[in-house]
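Residue numbers (full-length UniProt numbering): 1 to 108.
Beta carbons: idealized from backbone N, C-alpha and C, even for Gly.
Predicted, not measured: the structure shown is a model, and the values here were computed from it.
Everything below concerns the one structure shown next.
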């Protein structure tokens, strides 16, 4: 069964310490509380590109939903709008990139 995922990619912040504090203390709890319908939240800290050079993005958040319709309903809800606005507010390295994807999982 195909599910849906919201991907938020945060550029490298200009103030790393402040971004990390606000991400952990404000944004993650907000996402957990206000993103209705989510089934999983994965927060990744990007260490480098595969060749060990500096990466363009600092963090990538992935929020999973049972369907594209539920993802879209969440994004259009007051909680989804508030959480997206907060993501933009805390991203000191530039606006985060928001992507929507269809997910097909293969288990081995």
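Going by beta carbons, residue 5 and residue 88 fall outside the 9 Å limit. Rounded to the nearest angstrom, the gap between the Cα atoms of residue 65 and residue 48 is 28 Å. Cα atoms of residue 25 and residue 104: separation of roughly 32 Å, rounded to the nearest angstrom. With respect to residue 10, residue 96 sits close: the two C-beta atoms are nearer than 9 Å.
Put simply, the backbone Cα of residue 91 is about 19 Å away from that of residue 35. Of the other Cβ atoms in all chains shown, 16 or more fall within 10 Å of the Cβ of residue 19; this residue is therefore buried. For the pair residue 55 and residue 23, the CB atoms are not nearer than the 9 Å cut-off.
Residues of the same chain with a CB within less than 8 Å of the CB of residue 81, apart from the 5 flanking positions on each side, are 75 in chain order.
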